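Colleague: Please see the structure below; I have some questions.
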Amino acid sequence: MAPIPDPPCGLRFCRDCNEFKPIGEFPAGKRRYQCRKHVEERCRQWRRRAGVSKKVLAKVWHAAYMDARAVFQRKVTMLSQAGVARLFAEDGVEPSAEFRALPVNPDEAISPDNAILIDPLLCGKSA
172 MAPIPDPPCG LRFCRDCNEF KPIGEFPAGK RRYQCRKHVE ERCRQWRRRA
222 GVSKKVLAKV WHAAYMDARA VFQRKVTMLS QAGVARLFAE DGVEPSAEFR
272 ALPVNPDEAI SPDNAILIDP LLCGKSA
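Note that my numbering has the sequence shown beginning at 172, numbered continuously upward.
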């Protein structure tokens, strides 16, 4: 789809505001049909939604890493945050920082194939 040229009056239509605004109020670069205000609003909403689960996954991964070092004396973990997300998805559980990822076989490094999610009640925490 070919870009629509800007009218000679120096205005562009913002789809969210439903009004014409000066071209200077739109982000530079490729053609945009949302003014800066609405682009930033959408980015904030996206970051807010994505940030919660990323923080939870980071906390669960960090706890698994610290457990591997302190309890199982393993300096290498082959489990990533994406691997932790897959564990939650496989178990059909909503990601929560209360869960712990532990190795099934403690003699091997924790990895996506050698990891299990432990319920908060089994960790000694009340729900």
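Every residue, glycine too, gets a C-beta built ideally from N, C-alpha and C.
Given the structure is predicted, the values throughout are model-derived calculations rather than measurements.
1. Just the C-alpha distance for Glu279 and Ser251, rounded to the nearest angstrom, thanks.
2. Comparing alpha-carbon positions, which option in Leu258, Tyr236, Phe191, Pro198 lies nearest Pro159?
3. Just how far apart, CA to CA, sit Cys214 and Arg203?
4. Please work out which residues of its chain come closer than 6 Å, Cβ to Cβ, to Pro277, disregarding the five sequence neighbours upstream and downstream, and give them in chain order.
5. Closest by CA to Ala268, which one among Leu182, Val227, Ala239?
6. Classify Phe191 as buried or exposed, calling it buried when 16 or more other Cβ atoms lie within 10 Å of its own Cβ.
7. Provide the residue(s) that pair with Ile287 in DSSP beta bridges, ordered along the chain.
8. Quick one: Cα of Asp238 to Cα of Glu211, how far?
9. Just the C-alpha distance for Arg207 and Gly200, rounded to the nearest angstrom, thanks.
Modeller: Taking the geometry as given:
1. Glu279 and Ser251 have their alpha carbons spaced roughly 16 Å apart.
2. This structure cannot speak to residue 159, because the chain is shown only from 172 to 298.
3. One C-alpha to the other measures close to 14 Å.
4. Cβ within range, chain order: Phe243.
5. It is Val227.
6. Here Phe191 is exposed: its Cβ has fewer than 16 other Cβ atoms, across all protein chains shown, within 10 Å.
7. Paired residues: Leu273.
8. Just so you know, the alpha carbons of Asp238 and Glu211 end up roughly 39 Å apart.
9. Cα-Cα distance, rounded: 12 Å.
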